[in-house]
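Shown next, in structure tokens, is the structure this report addresses.
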Amino acid sequence: MSGPPQPDPPEGVEALAAEYVLGLLTEPELRHFETLLVRDAGLRQEVASWQACFAALTADIPEAAPPEDLWPRIEARLHGPVRAALWRQLLPYLLGAVAAAGIAWAALVSDVLTPGSAGPELQARLVAAAQGIALRADYAPRGHSLTVTRESGEVPVDRALELWLLSDSAGAPISLGVLGGEAVTSLALAPALRAQLPGATLAISEEPPSGSATGRPSGPVIALGQLAPL
2 MSGPPQPDPP EGVEALAAEY VLGLLTEPEL RHFETLLVRD AGLRQEVASW QACFAALTAD
62 IPEAAPPEDL WPRIEARLHG PVRAALWRQL LPYLLGAVAA AGIAWAALVS DVLTPGSAGP
122 ELQARLVAAA QGIALRADYA PRGHSLTVTR ESGEVPVDRA LELWLLSDSA GAPISLGVLG
182 GEAVTSLALA PALRAQLPGA TLAISEEPPS GSATGRPSGP VIALGQLAPL
């Protein structure tokens, strides 16, 4: 006796959103998709829905200390030569939430998605290739702070980089602060902003030293990155 029919694999933008959440997009695909995210609230909602869908697979799995070799095994699986082809084959089963392969994957990464009762730590990478600047944004829930580290490149003379939050609940970009010449900037966030961070997109614009005077990015947006659990 055959089981219930499996759902058809997603296509188009819906499939891209799912693959974005799973980390399957190539570097060019990722840059293009994050460009779409900044101006398409519906697409950001699609990404948030996929994140909730995949995270729900771990809801009934109790917390456990991961073995020391867990992360090397995850990296080996993610970055192997057949990574994309394998995950594309498993995607319909993840959608149905009934396939053994999907459950096994959820068990493997459950502690990565939900590492503590205070919520997951989040990270985003923002690369401005034309300016030669690479930044990393880290959010620590227990510290209520967002730390931005400039990993490479220099801020243009007489200019500053301003960090913006793009989320479904915000009608317009929200400035999180100006990043000056320091390599590391720590930004304290109000509770209302902290609640919007999971799955939100961060943007970097080039502004005057004091930041944008309009409340919106007044200079070019040079980098985008989505906050995702570590």
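For the sequence shown, our numbering assigns the number 2 to the initial residue and increments by one for each residue that follows.
We put the CB at the ideal spot given by N, CA and C, even for glycine.
Remember, it's a predicted structure, so these values are computed and weren't measured experimentally.
Check whether residue i and residue j have beta carbons under 8 Å apart
i	j	result
residue 168	residue 201	yes
residue 231	residue 121	yes
residue 207	residue 157	yes
residue 213	residue 219	yes
residue 123	residue 191	no
residue 197	residue 147	no
residue 35	residue 15	no
residue 145	residue 189	yes
residue 154	residue 181	no
Start and end residues, alpha helix (DSSP H) containing residue i
i	result
residue 178	Premise fails: residue 178 lies in the beta strand (DSSP E), 175 to 180, not in any alpha helix (DSSP H).
residue 76	71 to 79
residue 45	42 to 57
residue 14	13 to 23
residue 194	192 to 195
Reference residue i; option with closest CA among the options
i	options	result
residue 139	162, 195 and 182	195
residue 164	187, 170 and 69	187
residue 137	222, 150, 131 and 46	150
residue 205	224, 77, 51 and 78	224
residue 152	21, 69, 183 and 39	183
residue 38	18, 185 and 160	18
residue 221	181, 161 and 23	161
residue 215	23, 56 and 173	173
Segment limits, beta strand (DSSP E) that includes residue i
i	result
residue 202	202 to 208
residue 163	161 to 167
residue 217	It is not in any beta strand (DSSP E) - residue 217 carries neither H nor E in the DSSP assignment.
residue 66	Where residue 66 is concerned, there is no enclosing beta strand (DSSP E), given that its DSSP letter is neither H nor E.
residue 131	First-last for residue 131: undefined, no H or E at that position.
residue 147	146 to 153
residue 188	185 to 189
Residue-chain proximity (residue i, chain D), Cβ-Cβ < 8 Å
i	result
residue 158	Given the protein chain composition of this structure (a single chain), no chain D is represented.
Residue i CB to nearest heavy atom of the ligand FAD below 7 Å
i	result
residue 143	The ligand FAD is not among the ligands present in this structure, which contains no ligands whatsoever.
- Task: Evaluate contact between the segment 177 to 184 and the segment 124 to 131, counting only Cβ atoms and requiring at least three cross-stretch pairs below 8 Å.
- Result: Judged by Cβ distances under 8 Å, the segment 177 to 184 makes no contact with the segment 124 to 131, as fewer than three pairs qualify.
- Task: Could you tell me whether the segment 60 to 69 touches the segment 23 to 36, using the rule of 3 or more Cβ pairs below 8 Å?
- Result: Touching, no.
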